[in-house]
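Some notes on the structure that comes next.
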Amino acid sequence: MCLTEDQWKRKKTVVIIKNEAIAKDVYEMDLQVGETAKEIEPGQFIHLYCRQGQRLLPRPISICEVDEKKGRLKIVYGIVGSGTKEFASYSPFETIDIIAPLGKGYQWESQEKHSILVGGGLGVPPLLELAKRLPGKVEVYLGFRSQPFLVENFKKYTDFVYIATDDGSHGTKGTVLDVLKNKSECPEKARVYTCGPKPMLQSITQWAVEKGYPIQVSLEERMACGVGACVGCVCKIKDLQTGEWQYQRVCKEGPVFNGKEVIWNEES
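What the sequence shown shows, in my numbering, is residues 2 to 269, in sequence order.
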């Protein structure tokens, strides 16, 4: 994997403070990262390295929350393969190699008055630090298959947290889009920030466009290098003025993009 000099400088060995399950096959890991915590913006991600030599490529994992005073960051990951299964076996006070931070995060105005955050599944964690930092009123809509996680964490920063589950075991039965469409009142002006599976991002973008809301989406694509060198995680981004499109790298120009500029399918 080709790293720039700056990225090599950001590669470091850090201490695991906590690593525990918070839902079925979902783990929360706190890392002691020192001054790196002050560099992180909501929506960015880190590279987490396995210890086993046969698994050379690091795993990109979104940053969930940051504690600048303690020099810590929190990540939340799901067990989806051998690498993340290995991460789940790590214990507090063990060390692990990371590169942080990576990618482009969410952007907002200092005078923001009303924000709508929409997350689905493992797209929920990246929105927590954003909820903490956004000014004005913040509404949070979280979707899960069944067992929710991080809900109480969000409630520390806003009183407006709404849950949807596929099986109806918690909150509204259905999707976060169902909850949004059933809102009795929608603000005249708001900004939408979302992260989750691509079909959800596409549907939330369509809803936001219909409402006239600006929207930022955090895309999930398979990554190899994570630093823009391999061009393996590209997506189509359209220039809204000219209508022309180009490939952009999710790991470098993203993962956060203007939802209106993303070409969701070939017919767009």
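Built from N, CA and C at the ideal position, the CB exists for glycine as well.
- [ ] Can you grab the Cα-Cα spacing for the pair Asn183 / Ile97, in whole Å?
- [x] Position 182 of the sequence shown, counted from the first residue, corresponds to residue 183. Position 96 of the sequence shown, counted from the first residue, corresponds to residue 97. So the two alpha carbons sit approximately 45 Å from each other.
Open item on the list: Taking 6 Å as the limit between beta carbons, can you name the residues of its chain near Val119, skipping five residues before and five after?
Closed with: Residue numbering aside, residue 119 sits at position 118 when the sequence shown is read from its first letter. Closer than 6 Å at Cβ, skipping near neighbours: Tyr142, Val177, Thr195, Ile205.
TODO: Please state whether DSSP places Asp68 in a helix, a strand or coil.
DONE: Translated into positions along the sequence shown, residue 68 becomes position 67. In the three-state DSSP reduction, Asp68 falls in the strand class (E or B).
Task: Residue(s) in a DSSP beta bridge with Gln33 - done: Here residue 33 is taken as the residue at index 32 of the sequence shown, counted from 1. Gln33 has Val16, Arg73 as its beta-bridge partners, per DSSP.
- [ ] Using the DSSP secondary-structure output, state which residues sit across from Val162 in a beta bridge.
- [x] In the sequence shown, residue 162 corresponds to position 161, counting from 1. Val162 is bridged to Val141.
Task: Cβ neighbour criterion (16 or more within 10 Å) applied to Glu221 - done: As a position in the sequence shown, residue 221 is number 220, starting the count at 1. The residue is buried, with at least 16 neighbouring Cβ atoms inside 10 Å.
Open item on the list: Quick check on Gly120: does DSSP put it in helix, strand or coil?
Closed with: Along the sequence shown, one-based indexing puts residue 120 at 119. Shown here, Gly120 sits in a strand according to DSSP, grouped into three states.
Open item on the list: Based on DSSP bridge pairs, tell me the residues matched to Gln217.
Closed with: For the purposes of this step, residue 217 is taken as the residue at position 216 of the sequence shown. Per the DSSP secondary-structure output, Gln217 pairs in a beta bridge with Tyr194, Asn259.
- [ ] Look at the alpha carbon of Val210 and the alpha carbon of Lys239, and state the distance between them as a whole number of angstroms.
- [x] The count along the sequence shown starts at 1 and reaches residue 210 at position 209. The count along the sequence shown starts at 1 and reaches residue 239 at position 238. Their backbone Cα atoms lie some 15 Å apart in a straight line.
Task: Assigned secondary structure, Trp208 (DSSP; H/G/I helix, E/B strand, else coil) - done: For the purposes of this step, residue 208 is taken as residue 207 along the sequence shown, with counting starting at 1. DSSP places Trp208 in helix when its eight states are reduced to three.
- [ ] Provide the residue(s) that pair with Leu178 in DSSP beta bridges, ordered along the chain.
- [x] For this step, residue 178 is matched to residue 177 along the sequence shown. The partner list for Leu178 (beta bridge, DSSP) is empty, contrary to what the question assumes.
Open item on the list: DSSP has Tyr28 in a bridge; who is on the other side?
Closed with: Reading the sequence shown from its first residue, position 27 is the one you call residue 28. The bridge partners DSSP lists for Tyr28 are Ala22, Tyr78.
Open item on the list: Can you tell me whether Thr37 is buried or exposed? The criterion is at least 16 other CB atoms within 10 Å of its CB, across all chains shown.
Closed with: Within the sequence shown, numbered from 1, the residue matching residue 37 stands at position 36. Burial check for Thr37: the Cβ neighbour count within 10 Å reaches 16 or more, so the residue is buried.
TODO: With a cut-off of 8 Å on the beta carbons, I'd call Ala22 and Gln148 a contact; round off their distance for me.
DONE: Within the sequence shown, numbered from 1, the residue matching residue 22 stands at position 21. Within the sequence shown, numbered from 1, the residue matching residue 148 stands at position 147. About 11 Å; that fails the 8 Å criterion.
Task: For Pro215 and Leu151, the rounded distance between their alpha carbons - done: Residue 151 sits at position 150 when you count from the first residue of the sequence shown. Residue 215 sits at position 214 when you count from the first residue of the sequence shown. When only Cα atoms are considered, Leu151 and Pro215 end up about 26 Å apart.
Task: From Trp208, Phe145, Trp109, residue whose alpha carbon lies closest to that of Val257 - done: Along the sequence shown, read from residue 1 onward, the residue named residue 257 stands at position 256. A check of alpha carbon separations from Val257 across Trp208, Phe145, Trp109 identifies Trp109 as the nearest.
Task: According to DSSP, residues forming a beta bridge with Val235 - done: As a working note, residue 235 is residue 234 in the sequence shown. DSSP output for Val235 lists Arg250 as bridge partner(s).
- [ ] For Pro43, name the three-state secondary structure that DSSP assigns.
- [x] Taking the first residue of the sequence shown as position 1, residue 43 is located at position 42. In the structure shown, Pro43 sits in coil (DSSP, three-state: anything other than H, G, I, E or B).
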